[in-house]
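Here's the structure we're looking at; comments come further down.
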Amino acid sequence: MQADGTPSRLGFVPWIGNWYHIGWIWTFGGDYFDPVAFRPTLDRKENVNALEWEAEYAMLYGTKAALTGLGFNDDSLGNEKVSMMATHDGVFSGILKNNPDMMLDGGAMPHPEGGSNGAWSGGFAWSVPVGAKNTKAAARFIEFFSRTENQIVYGTLCSRIPANTRALREIASLYRPESFASRVNPVSLTFSRFFGYMQYRFMICRLQ
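Going by this note's numbering, the first residue of the sequence shown is number 32, and it counts up by one from there.
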């Protein structure tokens, strides 16, 4: 703590990183969308429990705005202002690039009794939308970008895990074996979910 009572270093802040509230409601066993009724379910008990749990940190340490003003942000793990962070593998590998001697490890997200989801795996995809012009050129670009040598460059520069398995093997050699394993192993705990959020957002936009 600083002389004025404000924190200079914290163990963990749930809204710093890449987990977000959607990650926490899954962790608490909730969900945000009913694919059968096709409607949001944000007022589920588990969702409220997750939000109340996050609010406990705000009451203890200060709100997001207050902590941001003290320098707590998504870079706080790398600059050692927080000890733990729920975030994506790009941050993990980026920190090790800038500070290779930093003692850093990762693993599955713990959850309370009745909760689930030790990890969630997202990513980026190249696609050609229906009705797009120059579809053949777009397809050639996707094929070019997906080549092993280009995925190696992308994975190295952007600190991302490539989908190309041959490139993945090359990228793995850039990191300490134990640190790379801790990035990849939690992926086995993921499972598919109905991603109705985008359809719901689209529906709202159409209504507006």
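Backbone N, C-alpha and C define an ideal beta-carbon position, used for all residues, glycine too.
Find the nearest neighbour of residue i within the set the options, judged by alpha-carbon distance.
i: Met140; options: Met32, Asn49 and Thr37; result: Asn49
i: Thr72; options: Tyr92, Ser114 and Tyr63; result: Tyr63
i: Leu127; options: Leu108, Leu98 and Thr99; result: Leu108
i: Ala156; options: Ala194, Trp55, Glu144 and Asp120; result: Ala194
i: Ala89; options: Gly125, Ser177, Asn78 and Trp46; result: Trp46
i: Tyr92; options: Gly61, Ala198 and Thr37; result: Thr37
i: Arg197; options: Leu188, Arg178 and Asp65; result: Arg178
Since residue i contacts residue j with CB under 8 Å, what's their CB separation in whole angstroms?
i: Arg40; j: Lys112; result: 6 Å
i: Val44; j: Phe123; result: Wrong, their Cβ atoms sit about 17 Å apart, outside the cutoff.
i: His52; j: Ala81; result: 7 Å
How many Å lie between residue i and residue j at the Cα?
i: Glu87; j: Gly42; result: 14 Å
i: Thr58; j: Lys167; result: 42 Å
i: Met134; j: Tyr185; result: 25 Å
i: Asn165; j: His142; result: 47 Å
i: Asn130; j: Asn110; result: 10 Å
i: Gly125; j: His119; result: 10 Å
i: Gly162; j: Gln182; result: 28 Å
i: Met116; j: Thr99; result: 15 Å
i: Arg70; j: Met32; result: 45 Å
i: Gly137; j: Glu180; result: 28 Å
i: Arg200; j: Phe175; result: 19 Å
i: Ala169; j: Glu77; result: 43 Å
i: Ala34; j: Leu101; result: 13 Å
i: Ser204; j: Gly145; result: 38 Å
Tell me the DSSP bridge mates of residue i?
i: Pro71; result: Phe64
i: Leu41; result: Val113
i: Gly48; result: Ala117
Beta-carbon separation of residue i and residue j under 8 Å?
i: Leu121; j: Arg191; result: For the sequence presented, residue 121 should be read as Gly rather than Leu. Yes, the pair counts as a contact, with Cβ atoms nearer than the cut-off.
i: Glu85; j: Trp55; result: yes
i: Thr187; j: Ile202; result: yes
i: Ser114; j: Gly60; result: no
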